[in-house]
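Asker: If you scroll down you'll find the structure; I have some questions about it.
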Ligand code: HEC
Ligand code: HEC
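Numbering (mature numbering (1 follows the signal peptide of the UniProt record, and there is no 0)), first residue to last: -18 to -1, 1 to 307.
Below is the structure:
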């Protein structure tokens, strides 16, 4: 079992092995279906067994398939190696990792990001454009209808309320010390690299992504919500390391989020042609590293920005094998 030797020696490797063992049963879905274990007991989505028969149930099932495997079921619109469920854990069911049910009940809503009231479908489009670094499915596209049906199904019983229980990520207090790239690098090496790889490019097994890439050409682009250090710190504190959620201090979560969001990744699709102008227009906040200089490179500068689009997994990334299929 090569994964054992590849990861040997650290406490984190034990967590990696535990996660891999869990992945064996339901590929990429550590808490698939009825086994969903919300971090906070605030949101209990219906189990898959409650999906009705018939045309509507078919849409719900298709939506869940797209959510878990967008590269297969919505390939035309996907431009990287991520899945919706990599960030919205337990196939969009887990409270505290921006679950789909409480999101569904929160739209239409005004979004400062684009300056108008967004329908739920338009909100879905945003995650394709930025998080999936892909193409935007047109309104009414079967992909959006299926994802909307799945989200509606998961919202059963929730109030129509932008503060429905379990929505988004739990608030994380500001850290005692200013967030720091170098300290974040140490947190990364100790608590994340065993799964996401020392270079942040993730790991594959049997041609499938077992641990998703956190930066570089196959990850989310500069316009994505996860590219905000605040969002990333909140997500990471509530959900990572996988299997040990909540074990990082607030400071460690802010530091490692800063480290992750100070790496190169595909260009913001709203790029105006000028990095500082793009920063002023779309990233003018302390929680975006876009346009900042890190280790001598200006983040977002075309000279250091990898091309958009799916590229094969780096041949150098260690590949778990053996039982982890
Ligand atoms: C790289 C991680 C990532 C991936 C991949 C991703 N998302 Fe998201 N998504 C986020 C983050 C972070 C937010 C919250 C962003 C914010 O508040 O600005 C979010 C927000 C959302 C919301 C709104 C949630 C709310 O409560 O308002 C929906 C709906 C959504 N995503 C759907 C999807 C779908 C569908 C896919 C796959 C096509 C997807 N996401 C892929 C990270 C991701
Ligand atoms: C035990 C293995 C493991 C460890 C350790 C781990 N992760 Fe993850 N991480 C995963 C898996 C698996 C997913 C995707 C979850 C899914 O699809 O259900 C993920 C998803 C993510 C995502 C969202 C997807 C993406 O590619 O952007 C981020 C961000 C992330 N992890 C950051 C971290 C950080 C930072 C650490 C260290 C503090 C960490 N992870 C530690 C296994 C791990």
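We put the CB at the ideal spot given by N, CA and C, even for glycine.
Of the choices 180, 150 and 169, whose alpha-carbon is the least far from that of residue 78?
Answerer: For this step, residue 78 is matched to residue 96 along the chain shown. Ranking the options by Cα distance to residue 78, first place goes to 150.
Asker: Determine the burial state of residue 234: buried for a count of at least 16 other Cβ atoms within 10 Å of its Cβ, exposed for fewer.
Answerer: Indexing the chain shown from 1 puts residue 234 at position 252. With 16 or more other Cβ atoms within 10 Å, it is buried.
Asker: By the DSSP assignment, the beta strand (DSSP E) with residue 91 in it spans what residues?
Answerer: Along the chain shown, read from residue 1 onward, the residue named residue 91 stands at position 109. Segment 91 to 93, the beta strand (DSSP E) holding residue 91.
Asker: Verify the contact flag: residue 222, CB atom, against every heavy atom of ligand 2, threshold strictly below 7 Å.
Answerer: Start at 1 with the first residue of the chain shown, and residue 222 comes out as number 240. Result yes, Cβ under 7 Å from ligand 2.
Asker: Roughly how many whole angstroms lie between the Cα atoms of residue 155 and residue 232?
Answerer: Taking the chain shown and counting its residues from 1, the one referred to as residue 155 is at position 173. Taking the chain shown and counting its residues from 1, the one referred to as residue 232 is at position 250. If I take the Cα positions, the gap works out to 7 Å.
Asker: When you compare only the Cα positions, how much space is there between residue 229 and residue 223?
Answerer: As a first step, residue 229 is located in the chain shown; it is residue number 247 there, counting from the start. As a first step, residue 223 is located in the chain shown; it is residue number 241 there, counting from the start. C-alpha separation (whole angstroms): 8 Å.
Asker: Compute every distance between the C-beta of residue 169 and the non-hydrogen atoms of ligand 2, then say whether any falls below 7 Å.
Answerer: Stepping through the chain shown from its first residue, residue 169 is reached at position 187. Yes, the beta carbon of residue 169 sits closer than 7 Å to at least one heavy atom of ligand 2.
Asker: Can you give the beta carbon distance from residue 199 to residue 64, rounded, assuming they're within the 8 Å contact cut?
Answerer: Along the chain shown, one-based indexing puts residue 199 at 217. Along the chain shown, one-based indexing puts residue 64 at 82. Actually they do not touch by this definition, with Cβ atoms about 12 Å apart.
Asker: Would you say residue 88 touches ligand 1, meaning its beta carbon is less than 7 Å from a heavy atom?
Answerer: Translated into the one-based positions of the chain shown, residue 88 becomes position 106. Indeed, a heavy atom of ligand 1 lies less than 7 Å from the Cβ.
Asker: Measuring only the C-alpha atoms, how far is residue 40 from residue 134?
Answerer: Translated into positions along the chain shown, residue 40 becomes position 58. Translated into positions along the chain shown, residue 134 becomes position 152. Taking the straight line from one Cα to the other gives about 13 Å.
Asker: So residue 166 and residue 238 are in contact, right, with Cβ under 8 Å, and what is the actual spacing, rounded?
Answerer: For the purposes of this step, residue 166 is taken as residue 184 along the chain shown, with counting starting at 1. For the purposes of this step, residue 238 is taken as residue 256 along the chain shown, with counting starting at 1. Their Cβ separation, rounded to whole angstroms, is 5 Å, which keeps residue 166 and residue 238 in contact under 8 Å.
Asker: In the DSSP output, what is residue 191 paired with across the bridge?
Answerer: Mapped onto the chain shown, residue 191 falls at position 209. Paired residue(s): 186.
Asker: If we call anything under 8 Å between Cβ atoms a contact, is residue 137 one with residue 86?
Answerer: Taking the chain shown and counting its residues from 1, one reaches residue 137 at position 155. Taking the chain shown and counting its residues from 1, one reaches residue 86 at position 104. Yes, these two residues count as a Cβ contact at 8 Å.
Asker: Give me, in chain order, the residues of the same chain whose beta-carbon lies closer than 7 Å to that of residue 25; leave out the 5 immediate sequence neighbours on both sides.
Answerer: In the chain shown, residue 25 corresponds to position 43, counting from 1. If we look at residue 25 and ignore the five residues flanking it on each side, its Cβ neighbours are 77, 81, 83, 84, 147 and 148.
Asker: So within the region 98 to 129, which uninterrupted alpha helix (DSSP H) runs reach at least 4 residues, ignoring any that extend past its ends?
Answerer: List check, alpha helix (DSSP H) in window: 102 to 111.
Asker: In chain order, what residues of the same chain lie with their CB nearer than 7 Å to the CB of residue 210, ignoring the 5 residues before and after it?
Answerer: For the purposes of this step, residue 210 is taken as the residue at position 228 of the chain shown. The residues are 269 and 270.
Asker: Given the structure, does residue 52 come close to ligand 2, in the sense that its CB is under 7 Å from one of the ligand's heavy atoms?
Answerer: Here residue 52 refers to the residue found at position 70 when the chain shown is read from its first residue. No, Cβ of residue 52 sits at least 7 Å from all heavy atoms of ligand 2.
Asker: Would the beta-carbon of residue 113 fall within 8 Å of that of residue 262?
Answerer: Residue 113 sits at position 131 when you count from the first residue of the chain shown. Residue 262 sits at position 280 when you count from the first residue of the chain shown. Contact: no.
Asker: Closest to residue 103 by C-alpha separation, out of 132, 75 and 177, would be which residue?
Answerer: As a working note, residue 103 is residue 121 in the chain shown. Selected option, being the one with the closest Cα: 132.
Asker: Could you check what DSSP says for residue 275 in three-state terms: helix, strand or coil?
Answerer: The residue you call residue 275 lines up with position 293 of the chain shown. In this structure, residue 275 counts as strand in the three-state DSSP scheme.
Asker: Does the Cβ-Cβ distance between residue 110 and residue 55 come in under 8 Å?
Answerer: Along the chain shown, read from residue 1 onward, the residue named residue 110 stands at position 128. Along the chain shown, read from residue 1 onward, the residue named residue 55 stands at position 73. The answer is no: Cβ separation not under 8 Å.
Asker: Taking the beta carbon of residue -18 as the centre, do at least 16 other beta carbons fall within 10 Å, making it buried, or is it exposed?
Answerer: Position 1 of the chain shown, counting from 1, holds the residue named residue -18. The predicted position of residue -18 is uncertain, since its pLDDT is 31 and thus under 50; a value taken from the coordinates is nonetheless stated next. The residue is exposed, with fewer than 16 neighbouring Cβ atoms inside 10 Å.
Asker: Determine the extent of the alpha helix (DSSP H) in which residue 81 is found, giving its start and end residues.
Answerer: Locating residue 81 in the chain shown gives position 99, where the first residue counts as 1. Per DSSP, residue 81 belongs to no alpha helix (DSSP H) and is neither H nor E.
Asker: If we count Cβ pairs, one from each stretch, closer than 8 Å, do we get three or more for the region 242 to 250 versus the region 272 to 290?
Answerer: In short, these stretches touch, since the Cβ pair count reaches three.
Asker: Drop a sphere of 10 angstroms on the beta-carbon of residue 289, count the other beta-carbons inside from all chains shown, and report buried for 16 or more, exposed for fewer.
Answerer: Residue 289 sits at position 307 when you count from the first residue of the chain shown. With fewer than 16 Cβ atoms within 10 Å of its Cβ, residue 289 is classed as exposed.
Asker: Look at the alpha carbon of residue 105 and the alpha carbon of residue 170, and state the distance between them as a whole number of angstroms.
Answerer: As a first step, residue 105 is located in the chain shown; it is residue number 123 there, counting from the start. As a first step, residue 170 is located in the chain shown; it is residue number 188 there, counting from the start. Those two C-alpha atoms are separated by around 31 Å.
Asker: Skipping 5 residues on each side, what residues in its chain have a beta carbon closer than 6 Å to that of residue 213?
Answerer: Within the chain shown, the letter at position 231 stands for residue 213. Here the set comprises 207.
Asker: Please report the straight-line C-alpha distance between residue 226 and residue 73, rounded to a whole angstrom.
Answerer: Here the question's residue 226 lines up with position 244 in the chain shown. Here the question's residue 73 lines up with position 91 in the chain shown. Taking the straight line joining both Cα atoms gives about 19 Å.
Asker: Terminal residues of the continuous alpha helix (DSSP H) containing residue 236?
Answerer: Position 254 of the chain shown, counted from the first residue, corresponds to residue 236. That run of the alpha helix (DSSP H) goes 232 to 242.
Asker: For the candidate residues 158, 260, 32 and 75, whose alpha-carbon lies nearest to that of residue 236?
Answerer: Stepping through the chain shown from its first residue, residue 236 is reached at position 254. Measuring from the Cα of residue 236, the nearest candidate turns out to be 158.
Asker: Mind checking which residues open and close the alpha helix (DSSP H) that includes residue 202?
Answerer: As a working note, residue 202 is residue 220 in the chain shown. Careful: residue 202 lies outside any alpha helix (DSSP H) and carries neither H nor E.
Asker: Quick check on the DSSP output: the alpha helix (DSSP H) that includes residue 45 runs from which residue to which?
Answerer: Counting from one through the chain shown, the residue named residue 45 turns up at place 63. Counting along the chain, the alpha helix (DSSP H) containing residue 45 begins and ends at 36 to 50.
Asker: Please confirm if the region 29 to 48 is in contact with the region 118 to 133, defined as three or more CB-CB distances below 8 Å between the two stretches.
Answerer: Touching, per the Cβ criterion.
Asker: Residues in the same chain with beta-carbon distance under 6 Å from residue 196, minus the five sequence neighbours each way, listed in chain order, please.
Answerer: For the purposes of this step, residue 196 is taken as residue 214 along the chain shown, with counting starting at 1. So the list reads 178, 182 and 242, once near-sequence residues are dropped.
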